[in-house]
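J.: Residue numbering for the sequence shown follows my numbering, beginning at 427 and increasing consecutively. Ideal placement from N, C-alpha and C gives every residue a C-beta, glycine not left out. Have a look at this one before I ask anything.
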Amino acid sequence: MPNSPLPLVSPSSSPPSTPSFEDALAAHGQAPLTAKSVSTLQVNLGKVCNQTCHHCHVDAGPQRTESMAKDTIDHIIDVLDRTPQISTVDITGGAPEMNPHFEHLVRECRIRGRHVIDRCNLTVFYVKGKSHLPKFLAQHKIEIIASLPCYQETNVEQQRGKGVFDRSISALQTLNRLGYGKEGTDLCLHLVYNPLGPSLPPPQVELEQDFKEELLSRYGIQFNRLLTITNMPISRFLKDLQEAGQVDSYYALLKKSFNVATVEDVMCRSLISVGWDGRLSDCDFNQMLDLPLQSDSPQWIKDFNLFTLEQRPIVVGSHCLGCTAGAGSSCGGTLA
427 MPNSPLPLVS PSSSPPSTPS FEDALAAHGQ APLTAKSVST LQVNLGKVCN QTCHHCHVDA
487 GPQRTESMAK DTIDHIIDVL DRTPQISTVD ITGGAPEMNP HFEHLVRECR IRGRHVIDRC
547 NLTVFYVKGK SHLPKFLAQH KIEIIASLPC YQETNVEQQR GKGVFDRSIS ALQTLNRLGY
607 GKEGTDLCLH LVYNPLGPSL PPPQVELEQD FKEELLSRYG IQFNRLLTIT NMPISRFLKD
667 LQEAGQVDSY YALLKKSFNV ATVEDVMCRS LISVGWDGRL SDCDFNQMLD LPLQSDSPQW
727 IKDFNLFTLE QRPIVVGSHC LGCTAGAGSS CGGTLA
């Protein structure tokens with residue numbers, strides 16, 4: 427009989443042997459971690475996705491049903507009307523475009539002059555009824571952050587599934603034809619790299635140059651920036667670590683690589699994450715671990731209060747070591 431899968435760690439706590447992020451902060455005089463502003467609203471439109479990626483911290487996939495309702499989106503739009511300090515709306519998922527209200531949210535954000543980011547897996551353009559999305563995104567001048575963990579087919583399909591590489595390359599070529607990633611246009615196209623296993627990403631600048639040279643020479647593809655993001659020890663990636671017996675060694679790597687220079691700019695200090703159900707979190711990693719905001723803070727988007735949220739202490743856990751290891755990691759790539 428095959429071995430039963432190892433149980434996942436309780437989402438609200440870390441394994442007993444994991445190092446303390448609070449201790450790492452305190453050792454460098456950085457505790458407690460507090461917010462500085464709220465300039466970005468990161469909106470998770472749901473866990474529905476047309477892919478099932480091994481590293482996905484959202485545990486998204488085609489069988490998931492969680493999807494943000496329109497009344498929750500209307501609360502987000504109301505917050506934007508009341509809060510001009512929020513300059514960026516960062517839309518994620520799952521595949522955010524799978525939410526039936528995705529285009530409505532994009533339009534309303536752009537009408538209000540907000541910068542909008544779409545975290546796109548590229549292959550969603552080939553889902554029935556979604557082929558118009560590249561032109562829609564270009565029309566509204568949406569910044570695209572697209573997942574492409576390697577310029578080689580084998581590595582991409584090992585992490586993201588069979589057939590994903592060819593569709594991703596085709597999608598990038600389509601975006602290039604629309605002007606994305608080209609000099610002289612305001613259509614920004616960035617790619618995201620995640621390591622295949624329990625290691626930190628290589629230096630972002632050097633890897634970006636490799637990606638640009640290889641993608642241009644092999645496929646004629648251009649893009650603006652490569653963002654390297656550390657795999658967080660939660661959800662599917664944590665399960666892989668458990669099955670390989672590498673949880674302790676990965677946490678040891680993160681702790682050893684703690685970089686105090688990254689603490690100033692970790693994303694939670696200028697961002698609020700909105701879950702598909704409207705619940706607020708300090709970041710999307712905390713959201714996936716069911717870690718709510720500190721108890722004195724508003725807990726739901728309908729109760730959003732900028733003054734209170736800008737003063738809040740940030741809820742942290744051992745997984746936060748992933749954001750401060752090495753050159754640091756955020757939704758915008760390396761920090762230091």
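If distances are taken between C-alpha atoms only, which option among N470, P624, V692, R705 comes closest to A678?
T.: Ranking N470, P624, V692, R705 by Cα distance to A678 puts P624 first.
J.: Exposed or buried, G539, counting other C-beta atoms within 10 Å across all chains shown (16 or more means buried)?
T.: G539 comes out exposed.
J.: How would you call E569, buried or exposed, if buried means at least 16 neighbouring beta carbons within 10 angstroms?
T.: So E569 ends up on the buried side.
J.: Cutting at 6 Å between CB atoms, please list the residues of its own chain near H616, excluding the five before and the five after it.
T.: Counting only Cβ-Cβ distances below 6 Å, and skipping sequence neighbours, we find I571, N650, R651, L653.
J.: Which residues bound the beta strand (DSSP E) around S661?
T.: No beta strand (DSSP E) contains S661, which is instead part of the alpha helix (DSSP H) from 661 to 670.
J.: Please identify the residue among L506, K473, T611 whose C-alpha is closest to the C-alpha of E523.
T.: Comparing Cα-Cα distances from E523 to each of L506, K473, T611, the minimum goes to K473.
J.: Inspect the CB distances between the region 681 to 690 and the region 706 to 715 and report whether three or more fall short of 8 Å.
T.: Too few Cβ pairs lie closer than 8 Å, so no.
J.: Determine the closest residue to T611 out of Q565, Y619, D636, with distance taken between C-alpha atoms.
T.: The option with the nearest alpha carbon to T611 is Q565.
J.: Compute the Euclidean distance between the alpha carbons of A762 and S755, then round it to the nearest angstrom.
T.: Distance between the alpha carbons of A762 and S755: 9 Å.
J.: With distances taken from CA atoms, which of V742, G759, G758, T760 is nearest A452?
T.: Nearest option by C-alpha distance: V742.
J.: Give me, in chain order, the residues of the same chain whose beta-carbon lies closer than 6 Å to that of S439; leave out the 5 immediate sequence neighbours on both sides.
T.: Per-residue confidence for S439 stands at a pLDDT of 40, beneath the threshold of 50, marking its modelled position as unreliable; the derived number appears in the next sentence. So the list is empty, once near-sequence residues are dropped.
J.: Only counting runs of 4 or more residues, tell me where the alpha helix (DSSP H) segments fall wholly within the region 496 to 566, in order along the chain.
T.: With a minimum length of 4 residues, the continuous alpha helix (DSSP H) runs that stay inside the region 496 to 566 are 496 to 508, 528 to 537, 559 to 565.
J.: Taking the beta strand (DSSP E) that N470 belongs to, which residues open and close that run?
T.: Run containing N470: 466 to 470, per the beta strand (DSSP E) assignment.
J.: Per DSSP, I571 is paired with what?
T.: Answer by DSSP bridge pairing, in chain order: R545, H616.
J.: Can you give me the start and stop residues for the beta strand (DSSP E) that L652 sits inside?
T.: Its beta strand (DSSP E) spans residues 651 to 654.
J.: Alpha carbon to alpha carbon, how far is Q668 from P526?
T.: Using only the alpha carbons, I get a separation of about 36 Å.
J.: Please classify Q630: is it buried, with 16 or more other beta-carbons within 10 angstroms of its beta-carbon, or exposed?
T.: With 16 or more Cβ atoms within 10 Å of its Cβ, Q630 is classed as buried.
J.: Going by Cα to Cα distance, which pick from S573, L697, L601 is closest to L559?
T.: Considering only alpha carbons, the answer is L601.
J.: Quick check on the DSSP output: the alpha helix (DSSP H) that includes V673 runs from which residue to which?
T.: Element bounds for V673: 673 to 682.
J.: Under a three-way DSSP split, which group does P433 fall into?
T.: Because P433 carries a pLDDT of 32, less than 50, the predicted location of this residue cannot be relied on, and no value is offered for it.
J.: Which term fits K462, buried or exposed, when burial requires 16 or more other beta carbons within 10 angstroms of its beta carbon?
T.: Burial call: exposed.
J.: Could you give the DSSP three-state label for S596: helix, strand or coil?
T.: The answer is helix: DSSP assigns S596 an H, G or I state.
J.: Which complete alpha helix (DSSP H) runs does the region 711 to 761 hold, if anything under 4 residues is left out?
T.: Entirely contained in the region 711 to 761, the alpha helix (DSSP H) runs reaching 4 residues are, in chain order, 732 to 736.
J.: Does the distance from the CB of I727 to the CB of H501 come in under 8 Å?
T.: In this structure, H501 lies closer than 8 Å to I727 by Cβ.
J.: Here's the rule I'm using: 16 or more other beta-carbon atoms within 10 Å means buried, otherwise exposed. How should R603 be labelled?
T.: Counting Cβ neighbours within 10 Å, R603 comes out exposed, since fewer than 16 surround it.
J.: Any idea what DSSP makes of S446, helix, strand or coil?
T.: If DSSP states are grouped into helix, strand and coil, S446 belongs with coil.
J.: Using only the alpha-carbon positions, how far apart do H745 and G520 sit?
T.: Answer to the nearest angstrom: the Cα atoms are 20 Å apart.
J.: If you reduce the DSSP assignment to three classes, tell me which class T460 lands in.
T.: T460: strand per DSSP, three-state reduction.
J.: Looking only at DSSP bridge pairs, what is R644 linked to?
T.: Paired residues: none, contrary to the question.
J.: Take the Cβ of D516 as the centre, count every other Cβ of all protein chains shown within 10 Å, and call the residue buried at 16 or more, exposed below.
T.: It is buried - the Cβ of D516 has at least 16 other Cβ atoms within 10 Å.
J.: Find the nearest neighbour of Y645 within the set E579, M693, T750, L613, judged by alpha-carbon distance.
T.: Minimum Cα distance to Y645 is reached at E579.
J.: Let me make sure I understand the geometry here. Which of L622, L717, S675, N731 has the alpha-carbon closest to that of I740?
T.: Minimum Cα distance to I740 is reached at L717.
J.: Are G758 and L680 touching if we call contact CB-CB under 8 Å?
T.: Contact: no.
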